[in-house]
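Q: The structure's right below; bear with me while I get my questions together.
Numbering (UniProt numbering), first residue to last: 1 to 224.
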């Protein structure tokens, strides 16, 4: 067969010349290279890619947890007729009785009958323990959902539970929502200067109390 190919090439050279034979050989070589490239591409496309292989590999780690961590403690402000008033941290689920124990126990002049010892505590709550000489002090048996400085329950307190501006102490005034130590001291200073409050509206003369804050505490105070 090789002799036949050699004879064919010789006849082509005789008939068309060496240049034609060189062009034909180059063309044939190009066709062979192109066919080989297409074959290799087809073989390569049949094997799984690196991305596909990695996608099929199962995860070897657990996804991060989205569980919310619940605080294990509550922080409450205990004041009034206790031996160590101040901020105390207690285990979650604690009661008013636990807060009193953390504050060193009750003082000798406590009016314990006005305190709900079984009330549950909420984080950020203020617990006021009433003294016997404070008949107008608010009864705070804290509702777990009450805001800081709030009174028991969600409705306005009865008149007997309101704070009398003419006899209230610094601690009693601080129980009122939005009334901190400096504002309570300013109320006492105004009372000292005027003698007695004639109207709840006189609180507007206290630095730091405007119409909005007065509206928030109006139903919680009286002028006796």
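In this text, a Cβ means the ideal position worked out from N, Cα and C, and glycines have one as well.
1) Could you please give me the residues that DSSP links to residue 75 through a beta bridge?
2) For residue 80, list the residues DSSP reports as bridge partners.
3) Using only alpha-carbon positions, find the residue among 97, 102, 122 that is nearest to residue 113.
4) Residue 133 to residue 192, Cα distance in whole Å?
5) Determine, using beta carbons only, whether residue 80 and residue 131 come nearer to each other than 9 Å.
6) According to DSSP, residue 164 sits in a beta bridge with which residue or residues?
7) Restricting to Cα atoms, I'd like to know which of 78, 219, 194, 208 is closest to residue 104.
8) Do residue 177 and residue 220 have their C-beta atoms closer together than 9 Å?
9) Just grab the DSSP bridge partners of residue 41 for me.
10) Please go through the same chain and pick out, in chain order, the residues whose beta-carbon is closer than 7 Å to the beta-carbon of residue 87, but skip the five residues on each side of it.
11) Roughly how many angstroms separate the alpha carbons of residue 122 and residue 93, rounded to a whole number?
12) DSSP on residue 107, reduced to helix/strand/coil?
13) Kindly indicate which three-state DSSP category residue 120 falls into: helix, strand or coil?
14) Name the one or two DSSP bridge partners that residue 95 has.
15) With a 10 Å radius around its C-beta and 16 neighbouring C-beta atoms as the bar for buried, classify residue 174 as buried or exposed.
16) Would you kindly report the start and end of the unbroken alpha helix (DSSP H) that includes residue 217?
17) Which word fits residue 231, buried or exposed, when buried means at least 16 other C-beta atoms lie within 10 angstroms of its C-beta?
18) Where do the N-terminal and C-terminal ends of the alpha helix (DSSP H) with residue 189 fall, by residue?
19) Just curious, the alpha helix (DSSP H) that residue 173 is in, first and last residue?
20) Please work out which residues of its chain come closer than 6 Å, Cβ to Cβ, to residue 217, disregarding the five sequence neighbours upstream and downstream, and give them in chain order.
A: The relevant details are as follows:
1) The residue you call residue 75 lines up with position 75 of the chain shown. According to DSSP, which records beta bridges pairwise, residue 75 is partnered with 89.
2) If you number the chain shown from 1, residue 80 lands on position 80. BP columns for residue 80 point to 129.
3) As a first step, residue 113 is located in the chain shown; it is residue number 113 there, counting from the start. The candidate whose alpha carbon is nearest that of residue 113 is 97.
4) Here the question's residue 133 lines up with position 133 in the chain shown. Here the question's residue 192 lines up with position 192 in the chain shown. Roughly 20 Å between the two C-alpha positions.
5) Taking the chain shown and counting its residues from 1, one reaches residue 80 at position 80. Taking the chain shown and counting its residues from 1, one reaches residue 131 at position 131. Yes, Cβ-Cβ distance for residue 80 and residue 131 is below 9 Å.
6) Locating residue 164 in the chain shown gives position 164, counting from the first residue. Bridge partners of residue 164: 222.
7) As a position in the chain shown, residue 104 is number 104, starting the count at 1. Nearest option by C-alpha distance: 78.
8) One-based indexing of the chain shown puts residue 177 at position 177. One-based indexing of the chain shown puts residue 220 at position 220. Closer than 9 Å, so yes.
9) For the purposes of this step, residue 41 is taken as the residue at position 41 of the chain shown. None; residue 41 has no bridge partner.
10) As a position in the chain shown, residue 87 is number 87, starting the count at 1. Excluding positions up to five away in sequence, the list reads 75, 77.
11) Here residue 122 refers to the residue found at position 122 of the chain shown. Here residue 93 refers to the residue found at position 93 of the chain shown. Approximately 8 Å between the Cα atoms of the pair.
12) Within the chain shown, residue 107 is the residue found at index 107, counting from 1. Three-state result, residue 107: coil.
13) Position 120 of the chain shown, counting from 1, holds the residue named residue 120. Reduced to three states, the DSSP call for residue 120 is strand.
14) One-based indexing of the chain shown puts residue 95 at position 95. Bridge partners of residue 95 according to DSSP: 120.
15) On the chain shown, position 174 is the one that residue 174 refers to. The residue in question, residue 174, is buried, as its Cβ has 16 or more Cβ neighbours within 10 Å.
16) Along the chain shown, read from residue 1 onward, the residue named residue 217 stands at position 217. Segment 211 to 217, the alpha helix (DSSP H) holding residue 217.
17) An answer regarding residue 231 cannot be provided, because it is not within the stretch 1 to 224 covered by the chain.
18) If you number the chain shown from 1, residue 189 lands on position 189. Here the alpha helix (DSSP H) through residue 189 covers 181 to 194.
19) Working through the chain shown from its first residue, we reach residue 173 at position 173. Unbroken alpha helix (DSSP H) run through residue 173: 170 to 174.
20) The sequence position of residue 217 within the chain shown is 217, counting from 1. So the qualifying residues of the chain are 176.
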